[in-house]
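Everything below concerns the one structure shown next.
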Amino acid sequence: MQARSALFDLYGDHLRPRGGRAPVAALVKLLAPLKIAPPAVRTAVSRMVRQGWLDPLRLVSGPGYSITPKAARRLDEAAARIYRTGRVGWDGRFDLLVLSTPTSRRERQRLAANLSFLGYGTLDEQTWVATRPAEDVDLLLDEAGVRYERFTASHAAGTRGAVEVVRRAWDLSEIGRAYEQFVAEQRPLLAKVTTRSDDEEAYAARFRLVHAWRTFLFQDPQLPPALLPERWPGIAAASFFDRHAARLRPAADRYVEQCLDATNRTPRQKGR
């Protein structure tokens, strides 16, 4: 687990609902159960500041960091998709992007990852498609310095033709296998966490569960049901995730509060 990805998970799943800010000491303490060393946390924080995801601030307990408006939008969107709080509807239209692709391989990879996160799949190297428009896609492409044209498209043949477009843009068989593998890998790990487990153990298990589930934000565009195969593995996987994430939430919340309380105490309070 990379420190930067873990920090996104930490802010999104635990700190965003608590004001989106925390002292450095709390960040270090909260990532320690994930075997992430303090120097890695500090390096990742510095990188996220340079990229516009975090702002430094001074808290009573010492230096800390808060999420930027840009990060807040991304984390809120991610949370809605992780916990699937909204209904996935479809008006029968596609959002179509025709790009002038960057020449640098690294820039192309970064652009592809960001577009995939926003729910777009590739028809070819320059053409991306989504079943619903993403609010941030224009900002993303402008910031990347990519020239593009954007269209709204509907298929005259109806749903059948739309399914063919979806099959070209995404490998649903591969995504389905990834969902099945997710459940197979997580089930034995989560079975070890019972009511006799301490809060730190439950927190770490839940953190790893959410971290593994978060990877589907870059793989699965969460297509509308009409465009999915029958017996889609993502449905069973989502039910599995929801059940265990809810089961471990109370203990995880207690551990987070304990770490925040410990690092927010002033030196005088510690001596009482």
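For the sequence shown, position 61 matches number 61 in UniProt numbering, and the numbering has no gaps at all.
Glycine included, every Cβ here is placed at the ideal spot set by N, Cα and C.
These numbers were taken from a predicted model, which means no experiment stands behind them.
By the neighbour-count definition (other C-beta atoms within 10 Å, threshold 16), Arg-81 is a buried residue. Here Ser-154 really is in contact with Gly-92; their C-beta atoms are around 6 Å apart, less than 8 Å. By the beta-carbon neighbour count (other beta carbons within 10 angstroms, threshold 16), Pro-69 is exposed.
In the three-state reduction of the DSSP assignment, Tyr-120 falls in the coil class.
DSSP places Gly-64 inside the beta strand (DSSP E), whose first and last residues are 62-67. Ranked by Cα distance from Leu-123, the first of Val-98, Ala-144, Asn-114, Leu-139 is Val-98. Residue environment analysis places Lys-192 among the exposed positions, since fewer than 16 neighbouring C-beta atoms fall within 10 angstroms of its C-beta. Residue Val-129 holds the alpha-carbon nearest to the alpha-carbon of Thr-152 among His-211, Val-129, Gln-219, Pro-188.
Within the DSSP secondary-structure output, Thr-152 pairs in a beta bridge with Asp-95.
Each of Trp-213, Ser-5, Asp-171 was checked against the Cα of Arg-187, and the nearest Cα belongs to Trp-213.
DSSP, reduced to helix, strand and coil, places Leu-189 within a helical segment of the structure shown.
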